[in-house]
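Novice: I have a structure here, written as structure tokens, and I will follow up with some questions on it.
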Amino acid sequence: MATAAAAQDTDRGTDHGTTARQGVFDAAVAADERIEPRDWMPDAYRATLVRQIAQHAHSEIIGMQPEANWISRAPSLRRKAILMAKVQDEAGHGLYLYSAAETLGVSRDELLDKLHTGRQKYSSIFNYPTLTWADVGAIGWLVDGAAITNQVPLCRCSYGPYARAMVRICKEESFHQRQGYELLLALSRGTPEQHAMAQDAVDRWWWPSLMMFGPPDDASQHSAQSMAWKIKRHSNDELRQRFVDICVPQAESLGLTLPDPDLRWNEERGHYDFGPIDWTEFREVLKGNGPCNEQRLDQRRRAHEEGAWVREAAAAYAGKHSGTSETGATRA
Amino acid sequence: MTTTDWPLWEVFVRSRRGLSHTHAGSLHAPDAELALRNARDLYTRRGEGVSIWVVPSSAITASSPDEKDPFFEPAADKPYRHPTFYEIPEGVKHL
Amino acid sequence: MTATVTATAALALGDDALVLSHRLGQWAGHTPVLEEEVALANIALDLLGQARVLLSMAGDEDELAYLREERAFRNVQLVEQPNGDFAHTIARQLYFSAYQHLLYDRLAEGGGPFAPLAAKAVKEVAYHRDHAEQWTLRLGDGTDVSHERMQRACTALWRYTGELFQPVEGLDADWPALEAAWLERVGEVLRRATLTVPEGPRSGAWTAGAGRQGLHTEPFGRMLAEMQHLHRSHPGASW
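Residue numbers (numbering that gives the first Met the number 0), protein chains in the order written: chain A, 0 to 331; chain B, 0 to 94; chain C, 0 to 238.
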């Protein structure tokens with residue numbers, strides 16, 4: 000239940016109480032039980048979840064932009080319907096996730112404000128441009144594929160509302176990846192120009208997709224603690240490897256090549272080896288120097304600012320007509 | 000900013016006739032009418048429901064986790080409330 | 000009714016739905032509040048679904064959508080008007096959904112070639128109309144700013160509403176009756192929203208023709224250029 004006020008621990012004052020509660024919390028996590036909004040939880044656990052869920056929600060919302068860029072140019076009505084439904088799902092997923100974050104005692108407005116002022120991040124992948132129609136396919140296959148690899152374990156995350164949101168999201172997202180793959184397949188088997196368009200998109204999206212799993216384990220800031228709390232279930236490198244292993248045969252079926260000369264099956268490891276990732280590029284994009292950072296954030300801010308009068312109008316109308324003016328007061 | 004912050008609503012969806020409404024999630028809306036419509040758009044766009052309730056989150060009174068033990072543990076030691084508590088001779092039917 | 004007449008009428012209805020769907024799709028990522036991303040996309044998807052059925056009654060949906068020139072489109076000028084601010088989008092939707100609901104309700108009862116589609120679509124459209132009416136009330140009777148914006152939008156689009164009731168051959172409807180019912184419904188909503196029912200003419204002063212005859216407004220050409228560009232760049236390709 001997303002009652003923000005209730006999410007606050009009522010008496011975290013006493014050391015004795017805190018130690019006992021820490022014990023209950025640790026035991027619940029160890030027993031693979033879910034932590035629910037009104038349960039006591041360590042401040043750092045709450046802060047980690049807020050950061051992660053907010054970043055995830057922001058990614059869904061910003062992630063609408065690169066694909067929405069092609070809605071008005073989709074080359075068939077069938078593709079247009081699919082793309083609109085997919086971008087709409089991303090808005091929906093953002094909403095599920097903001098709801099989950101709100102159970103931790105933060106408001107959506109606060110989180111949006113942090114996004115708009117650059118104090119919270121979204122996935123860097125959306126700072127790359129969608130230059131051709133094939134990019135819509137590459138995003139579905141690779142970007143959503145990487146996201147799903149990341150997200151499926153989150154369905155078992157120790158925090159109940161986040162885990163439940165992820166179950167819903169994963170169920171709905173199963174079509175996202177398939178439509179991308181199907182789109183690329185149509186291009187790959189189409190005219191030479193279409194095939195080249197598909198290959199070009201895969202060339203540009205492959206490496207950024209691998210970066211979506213985050214820095215290598217030995218350089219990842221938050222990983223160890225998140226794994227101990229069962230917010231995270233697998234390490235970055237583990238998930239990245241899983242993704243590569245899945246993609247190689249899929250690329251072969253597509254008739255497209257992955258842009259990595261070092262990519263080959265390693266019999267001994269039972270996995271595909273792959274070449275070194277350019278972490279300098281990753282850090283630069285993260286810092287704000289990607290091709291579209293400014294553009295994405297600007298559009299988001301503009302939509303929010305230009306929509307303020309609409310939100311105000313609806314709040315004013317509710318105040319006039321409900322008798323009890325709920326606006327604002329309910330969130331105290 | 001906070002003056003236009005729409006209140007939070009809890010959404011309950013009946014997935015099909017014969018089942019009760021279950022909690023689906025929450026959303027923001029300025030009033031009950033839009034809350035209902037937003038819930039329809041957000042939580043039933045794949046045909047997940049036949050009926051929706053929306054409730055202001057602020058109207059929900061919840062039991063506190065601190066009271067979990069006094070609230071729920073006393074119910075755990077009354078096995079005589081369950082049919083399996085009783086021994087019935089073999090062969091007795093419809094009981 | 001001949002096949003050609005049915006096809007022509009299907010184009011008129013199909014183009015209305017296609018063009019308005021396209022316009023609504025342009026809101027993706029730009030709406031005033033996240034909940035409206037989902038709401039507007041639902042409406043756009045309903046309309047696109049209707050358009051695909053209707054265009055398929057007239058030929059190949061993609062050939063019709065992507066390979067016709069501007070003059071061959073038969074949609075009313077109202078639906079091609081740019082999104083403008085949220086008030087303009089809501090006013091456009093209010094005017095169009097009220098019309099579409101009345102017409103489809105009639106077509107669903109009529110038993111002609113459009114009855115099956117109309118029977119399904121009328122339920123979708125009832126929701127679109129409700130969405131537009133709810134927002135008209137909130138914008139009209141919200142703040143001073145929203146009231147002014149909504150009034151401006153309703154007035155600006157008023158001149159495109161006369162065309163809605165131009166009889167379309169092949170559609171069995173009592174057009175003057177539809178128009179009277181439309182004026183009553185829309186007038187009632189505007190009054191409840193504390194807005195003034197516009198008094199200006201309901202068609203343009205320049206009467207060389209209108210959308211149903213293939214004559215469109217300036218923004219439409221640009222809209223089509225964007226919509227058709229990719230498809231036309233790869234003749235014969237499948238997607």
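Backbone N, C-alpha and C fix where the C-beta goes; we use that ideal spot for every residue, glycine too.
The structure presented is a predicted model; accordingly, all values stated were derived computationally and were not measured.
#1: Helix, strand or coil: which one does DSSP assign to THR88 (chain C)?
#2: Could you name the residues that DSSP lists as bridge partners for GLN265 (chain A)?
#3: In chain A, what lies closer than 8 Å to MET226 (chain C) by C-beta?
#4: Under 9 Å between beta-carbons, which chain B residues line up against GLU192 (chain A)? List them in chain order, please.
#5: Looking at the structure shown, is HIS22 (chain B) part of a helix, part of a strand, or coil, going by DSSP?
#6: Do we get a CB-CB distance below 8 Å when we pair ASP61 (chain C) with the residues of chain A?
#7: Give the interface partners of TYR180 (chain A) over in chain C, defined as CB-CB distance under 7 Å, in chain order.
#8: Could you check where the alpha helix (DSSP H) with ARG107 (chain A) kicks off and where it finishes?
#9: Taking Cβ positions only, does LEU41 (chain B) come closer than 8 Å to chain C?
#10: For GLU178 (chain C), which option in C:ARG201, C:THR195 and C:GLU168 has the closest C-alpha, if you only look at C-alpha atoms?
#11: Where does ARG22 (chain C) sit, in a helix, a strand or coil, going by DSSP?
#12: Just to confirm my understanding: we take ALA9 (chain C), look at its own chain, exclude 5 residues before and 5 after, and list those with CB closer than 6 Å. What are they?
#13: Hey, PRO55 (chain B) and HIS27 (chain B): beta-carbon distance below 8 Å or not?
#14: Which residues does DSSP list as the beta-bridge partners of ARG13 (chain B)?
#15: Report yes if the CB atom of ALA164 (chain A) is closer than 8 Å to the CB atom of GLN119 (chain A), and no otherwise.
#16: From the DSSP output, read off the bridge partner residues of HIS215 (chain C).
#17: Can you give me the Cβ contacts of LEU101 (chain C) inside the same chain, cut-off strictly under 7 Å, excluding the 5 residues immediately before and after it?
#18: Can you tell me where the alpha helix (DSSP H) with ALA240 (chain C) in it begins and where it stops?
#19: According to a CB-to-CB cut-off of less than 7 Å, which residues of the segment 72 to 94 of chain C neighbour chain A?
#20: Take HIS81 (chain B) and list the residues in its own chain whose beta-carbon comes closer than 6 Å to its own, dropping the five residues that flank it on each side.
#21: Does HIS127 (chain C) come out as helix, strand or coil in the three-state DSSP assignment?
#22: Kindly list the residues whose CB is nearer than 6 Å to the CB of ILE60 (chain A), restricted to its own chain and excluding five residues on each side of it in sequence; keep chain order.
#23: Does any residue of chain D have a CB that is nearer than 8 Å to the CB of GLU32 (chain B)?
#24: Would DSSP call TYR158 (chain A) helix, strand or coil?
#25: If I measure Cβ to Cβ from ALA38 (chain C) and keep anything under 7 Å in the same chain, skipping five residues before and after, which residues do I get?
#26: Closer than 6 Å by C-beta to TRP204 (chain A): which residues in its own chain qualify, once you throw out the five before and the five after it? Chain order, please.
#27: Taking Cβ-Cβ distances shorter than 7 Å, what residues in chain B pair up with GLN49 (chain C)?
#28: Can you tell me the Cα-Cα spacing of GLU108 (chain C) and ALA64 (chain C), whole angstroms?
#29: Tell me which same chain residues have a C-beta within less than 7 Å of the C-beta of ARG191 (chain C), skipping the five on either side of it?
#30: Can a CB atom of chain A be found closer than 8 Å to the CB of TRP5 (chain B)?
#31: On the premise that VAL86 (chain A) lies in contact with ALA67 (chain A), defined as a C-beta separation below 8 Å, what is that separation, rounded to the nearest angstrom?
#32: Is it buried or exposed, ARG282 (chain A), if we count other Cβ atoms within 10 angstroms and call 16 or more buried?
Specialist: From the atom records:
#1: Three-state result, THR88 (chain C): helix.
#2: Just to set this straight, residue 265 (chain A) is Asn in the shown sequence, not Gln. Bridge partners of ASN265 (chain A): A:HIS270.
#3: SER71 and ARG72
#4: Those within 9 Å of GLU192 (chain A) in chain B number zero; the least Cβ separation is about 36 Å.
#5: In this structure, HIS22 (chain B) counts as strand in the three-state DSSP scheme.
#6: yes
#7: Going along chain C, no residue has its Cβ under 7 Å from TYR180 (chain A), so there is no contact; the nearest lies around 14 Å.
#8: 107 to 115
#9: yes
#10: C:ARG201
#11: helix
#12: LEU53, MET56 and ALA57
#13: no
#14: B:SER50
#15: Going by beta carbons, ALA164 (chain A) and GLN119 (chain A) fall outside the 8 Å limit.
#16: According to DSSP, which records beta bridges pairwise, HIS215 (chain C) is partnered with nothing at all.
#17: LEU177, ALA180 and TRP181
#18: Because chain C here runs from 0 to 238, residue 240 (chain C) falls outside it and cannot be looked at.
#19: PHE85
#20: So the list is empty, once near-sequence residues are dropped.
#21: helix
#22: GLY93
#23: The chain labelled as chain D is not found among the protein chains of the depicted structure, namely A, B and C.
#24: strand
#25: Within the same chain, ALA38 (chain C) has close Cβ partners HIS130.
#26: ALA137 and LEU141
#27: Here the premise fails: no neighbours, minimum Cβ distance about 17 Å.
#28: In a straight line, the C-alpha of GLU108 (chain C) is about 28 Å away from that of ALA64 (chain C).
#29: Answer for ARG191 (chain C): LEU136, listed in chain order.
#30: yes
#31: Between VAL86 (chain A) and ALA67 (chain A) the Cβ distance is about 5 Å, and since that is below 8 Å, they are a contact.
#32: exposed
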